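The numbering of the sequence shown is my numbering, which starts it at 113 and goes up by one. Built from N, CA and C at the ideal position, the CB exists for glycine as well. Small disclaimer: the values here were computed from a predicted structure and weren't measured.
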Amino acid sequence: MGAYLSQPVTSKASAEGGNGHVNYGSSAMQGWRTGMEDAHLTVVDLQKNTHLFGIFDGHGGHEVAKFVSRHLHTSLLETDAYAKGDLSQALVDAFLRMDELMLEEDGRKELQALARGEDPEEEGKKKKLKHKRSAPQLERLESTSSGSNLSDEEKGGVAGKRSNLSSAPQPDSGVAREGGLEASEDGTSGHAGVSEKDTAEVDEADSEAVTGPRDGEWEGAEEAQAKGGKKKGFLSNAIKGISQKVLSNSKYKGPAAGCTAVVALMQGDNLLVANAGDSRCIVSRRGQAIEMSTDHKPDNPEERARIMNAGGFVSAGRVNASLNLSRAIGDMEYKQNVSLPPKEQIVTAYPEVRSLKLEQGDEFLVLACDGIWDVKTNQQVVDFVKERLQQNKPLPRIVEELFDNCIAPNTSGTGLGCDNMSAVVVTLPSDLSKLTGESATK
């Protein structure tokens, strides 16, 4: 059930932005938890006609979620796949890159600072992470991006997402073991929650199946790799394994904390959603919920098979009797098998990617952590948001009302409605030609 406050923190950190065609409202609320561990990312006009939104639900500390919200968008732009127009592979590479960055010395120091509640840039306690190349759009992004909007009330403290089923030691919420794992130390982390999902038709695929247009269809990443030969770029060694030299020779093994990640990338009228964990993204199409992600749980047959093949086990619906989700960024204690690539580790950051061609009648997106989905179904969230959009309520206010509607009156029940809550609502133009800059008239 986790640790709860005697009274919930219901103040909210909200923001809004957009370009007149694509607009968003976001909010974050700590709720009953003893600390705030969520983060989110909102970047309109990442590049021309390209927008990025993300939710990162932390567990074992807030530092990994914050780290990802600070670096995912720049890492995405830096991938070779993005430069080639392979957006699905670019998302995969960016997710895996987060684990790599946190293994580097600058990443470790930044995680330490974030765990202490410091802003590494404002405090002057770190240099910028060294990226392999700089691009003009990155400099422009730093000055124009709406960035990630976080609650200022975030404090240290285990926010109740760890299971006591495991006897292994749990990391502190501050700078636990210098912000990460040490060799031969079997830390634990957990992410509890019950998910209820609606089903809706969508052109979906694993991240192996959505990489780019080919004669009106989508080509699989592994198929594309087989056709195009060996992958190049800074992620090439990640395909073989996450910085295996670092894992073998360094005492620091990466952060014990982790986070889910659900990211929506819009480019024109193409929507791609990458997901690792149990946060979700949905699309409202004429008032009906379209599911753009799948919850990654240890009991899922494919997830269980990977976990066991990598040397783990599933007990009471948890990885190694501890972690209640099977994919996450961070959680490096579950990624120590040097004989396996990142995709095949006990817990993997490798995302599932789904695509959707936006069409007339597509109204809005909702990205949210499981603090929302534990309480409401996909369709209930669509109905809730749509009703308030018809009342012309501001987007941040709609998200805030969603939180107020989901939060539990007390902590004596099942625990549903007692989690941190973060969400982003993104509205789409009624004239989809505005997404591509093309005229609707010919």
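Asked	Found
Buried or exposed for residue 526, please, with buried defined as at least 16 other CB atoms from any protein chain shown within 10 angstroms of its CB.	exposed
If the criterion is Cβ atoms closer than 8 Å, does the pair residue 516 and residue 169 meet it?	no
Taking all protein chains shown into account, do 16 or more other C-beta atoms lie within 10 angstroms of the C-beta of residue 417, making it buried, or fewer, making it exposed?	exposed
State whether the region 438-449 contacts the region 483-490, with contact taken as three or more CB pairs (one from each stretch) at a distance under 8 Å.	no
Tell me, to the nearest whole angstrom, how far the beta carbon of residue 176 is from that of residue 143; I am working on the premise that it is less than 8 Å.	Residue 176 to residue 143, Cβ: 20 Å. No contact.
Going by other Cβ atoms of all chains shown within 10 Å of its Cβ, with 16 needed for buried, is residue 214 buried or exposed?	buried
For a test of the three-state rule: what should DSSP assign to residue 172, helix, strand or coil?	coil
Do you know offhand how far residue 472's Cα is from residue 540's?	10 Å
Mind checking residue 555: buried by the 16 CB within 10 Å criterion, or exposed?	There is simply no residue 555 to check, as the chain begins at 113 and stops at 554 in what is shown.
In the DSSP output, which residue or residues are listed as bridge partners for residue 116?	145
In whole angstroms, what separates the C-alpha of residue 415 from that of residue 532?	25 Å
Can you check which of these residues, 370, 422, 201, 497, is closest to residue 385 by C-alpha distance?	201
Would you mind reading off the limits of the alpha helix (DSSP H) that contains residue 511?	507-518
Whole angstroms is fine: what's the gap from residue 469's alpha carbon to residue 382's?	5 Å
Tell whether a beta-carbon distance below 8 Å holds between residue 199 and residue 463.	no
Using DSSP with H/G/I as helix, E/B as strand and the rest coil, what is residue 319?	Residue placement at residue 319 is poorly supported in this model, since its pLDDT is 34, which falls under 50; the coordinates still yield a value, given next. Reduced to three states, the DSSP call for residue 319 is coil.
Who pairs with residue 150 in a beta bridge, going by DSSP?	169
May I ask you to report which of helix, strand or coil DSSP gives residue 465?	strand
Residue 506: buried (16+ other C-beta within 10 angstroms of its C-beta) or exposed?	exposed
Between residue 510 and residue 221, what straight-line distance do the alpha-carbon atoms span, to the nearest angstrom?	37 Å
Taking the straight line between their C-alpha atoms, what separation do you get for residue 399 and residue 520?	27 Å
Does DSSP classify residue 297 as helix, strand or coil?	Only weak support exists for where residue 297 lies, its pLDDT of 31 falling under 50; the value from the coordinates is given anyway. Coil.
Residues bridged to residue 164 by DSSP?	155, 377
Within a Cβ cutoff of 6 Å, which residues of the same chain sit near residue 69, ignoring the five residues on either side of it in sequence?	Because the chain spans 113 through 554 in this model, residue 69 falls outside it and cannot be assessed.
Exposed or buried, which one is residue 387 when buried takes at least 16 other CB atoms within 10 Å?	buried
In terms of residues, what are the limits of the beta strand (DSSP E) holding residue 438?	Neither: residue 438 is in no beta strand (DSSP E) and is coded neither H nor E.
Taking Cβ positions, are residue 466 and residue 391 nearer each other than 8 Å?	no
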